[in-house]
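In the working numbering, the protein residues as written are 32 to 395. Yeah, the Cβ is synthetic: ideal placement off N, Cα and C, and Gly gets one too. Heads up: the structure comes next, in structure tokens.
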């Protein structure tokens, strides 16, 4: 599944700026979001029908779901500029992430309970419960897409195209021009570099936390509970950091989150017990939603008028590519030193570098 996830990420990384540029000329962000979400729902539900040993079909459905989710996020993020004024960006972005963590945590908890106690749900085994969980995720995704599809209103395109074909041609031409002159958007360029560095550290901590706990000999059930705890801690803390970002400015809020992540990474070196791992999960949860939501709202402030889809395509492009530096650092240090604790602390390089570049981004 790692290869399937990588394939989906590469496809979306290539398509994201192109799709965003087209959407800017058709006022079609919501329509595109619904379309890609539908693809993701179908791919997710299809995973529930996969039988044992059907790896190729599973990979194909996983790629479909991954493309739907990641491509949809390009337009979801860009819609932020349609539904919120500049003063509201931080809190609206934070509210979105907070609801995402709450909803994801509730559904995750339900599926964990269903897997541990399948007979409560009329299921015969844990394997059947895992299959059924894909249907619950697909249904959840579909149901919570409906209010957005019905109620969200997007702004008209600043330079509307006569047809989709014209929009595609004009969008690609505009995208080419943007890439050629990207250096002229210095604040955006600096922010994207900073974001690529520190968000890679964030992603690495989240995706490799369980592996680190296993390497330390901690029980897998406790590690799963700690991940669930992170989801629920991230819900109120994202709201709080959204409010703080509105008062302080999103850049200061992000820098605060980076300092907390830096401290948590150093603390992980001394971690020995389950209780300490839970403490680390709480600390990470306090800033996880905040660093994501404030990054999105700060970037929204930097985006030129009428280029939301195109530039959020680049934003998501950096997010897709921000998933290899951290694991490579950890693997390299572990290979050289043979010390898993020391390898985790190598992530401080990403947070320090990202923070230093972010300091050069002008506040707005």
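Alpha-carbon to alpha-carbon, residue j and residue i
i: residue 133; j: residue 272; result: 16 Å
i: residue 227; j: residue 336; result: 23 Å
i: residue 294; j: residue 342; result: 32 Å
i: residue 298; j: residue 61; result: 42 Å
i: residue 216; j: residue 167; result: 43 Å
i: residue 130; j: residue 378; result: 28 Å
i: residue 90; j: residue 76; result: 13 Å
i: residue 302; j: residue 308; result: 7 Å
i: residue 317; j: residue 267; result: 8 Å
i: residue 220; j: residue 160; result: 46 Å
i: residue 388; j: residue 223; result: 9 Å
i: residue 327; j: residue 380; result: 22 Å
i: residue 362; j: residue 368; result: 10 Å
i: residue 252; j: residue 150; result: 20 Å
i: residue 85; j: residue 330; result: 42 Å
i: residue 187; j: residue 74; result: 31 Å
i: residue 180; j: residue 54; result: 16 Å
i: residue 240; j: residue 136; result: 17 Å
i: residue 122; j: residue 279; result: 12 Å
i: residue 46; j: residue 169; result: 24 Å
i: residue 197; j: residue 50; result: 13 Å
i: residue 346; j: residue 323; result: 12 Å
i: residue 147; j: residue 156; result: 9 Å
i: residue 185; j: residue 178; result: 14 Å
Beta-carbon gap between residue i and residue j smaller than 7 Å
i: residue 392; j: residue 281; result: no
i: residue 48; j: residue 344; result: yes
i: residue 357; j: residue 231; result: yes
i: residue 312; j: residue 257; result: yes
i: residue 334; j: residue 173; result: no
i: residue 376; j: residue 292; result: no
i: residue 348; j: residue 52; result: no
i: residue 374; j: residue 384; result: no
i: residue 87; j: residue 81; result: no
i: residue 255; j: residue 244; result: no
Secondary structure of residue i, DSSP reduced to three states
i: residue 304; result: coil
i: residue 117; result: helix
i: residue 184; result: coil
i: residue 247; result: coil
i: residue 338; result: coil
i: residue 153; result: coil
i: residue 159; result: helix
i: residue 386; result: helix
i: residue 81; result: coil
i: residue 143; result: helix
i: residue 393; result: coil
i: residue 377; result: coil
i: residue 370; result: coil
i: residue 110; result: coil
i: residue 148; result: coil
i: residue 128; result: helix
i: residue 193; result: Residue placement at residue 193 is poorly supported in this model, since its pLDDT is 48, which falls under 50; the coordinates are not used for a value here.
i: residue 216; result: coil
i: residue 59; result: coil
i: residue 280; result: coil
Distance between beta carbons of residue j and residue i, contact taken as under 8 Å
i: residue 79; j: residue 165; result: 4 Å
i: residue 70; j: residue 106; result: Not confirmed; about 13 Å, so no contact.
i: residue 261; j: residue 382; result: 18 Å between Cβ atoms; not a contact.
i: residue 305; j: residue 270; result: Incorrect: roughly 28 Å between the Cβ atoms, too far for contact.
Contacting residues, own chain, Cβ-Cβ under 7 Å from residue i (five flanking each side not counted)
i: residue 284; result: 272, 275, 276, 321, 325
i: residue 386; result: 229, 286, 289
i: residue 315; result: 236, 261, 295
i: residue 158; result: none
i: residue 204; result: none
i: residue 140; result: 259
i: residue 126; result: 270, 273
i: residue 176; result: 65, 68
Sequence-distant residues of its chain with Cβ nearer than 8 Å to residue i (five each side left out)
i: residue 332; result: 117, 120, 281, 395
i: residue 246; result: 371
i: residue 183; result: 61, 110, 113, 114
i: residue 154; result: 145, 160, 163
Same chain only: Cβ atoms within 6 Å of residue i, ignoring 5 sequence neighbours per side
i: residue 319; result: 265
i: residue 103; result: 64, 67, 68
i: residue 193; result: Since pLDDT at residue 193 reaches only 48, below the 50 mark, its modelled position is unreliable, and the value read off the structure follows with that caveat. Excluding sequence neighbours, residue 193 sits near nothing in its chain.
i: residue 339; result: 109, 112
i: residue 171; result: 138
i: residue 39; result: 94, 97, 98
i: residue 360; result: 377
i: residue 142; result: 164
i: residue 128; result: 269, 320, 323, 324
Residue i: CB within 6 Å of a non-hydrogen atom of the ligand MN
i: residue 186; result: As presented, the structure is devoid of all ligands, the ligand MN included, so that no description of it is given.
Chain C within 7 Å of residue i, Cβ atoms only
i: residue 80; result: Annotation note: the requested chain C is absent from the structure, which comprises a single protein chain.
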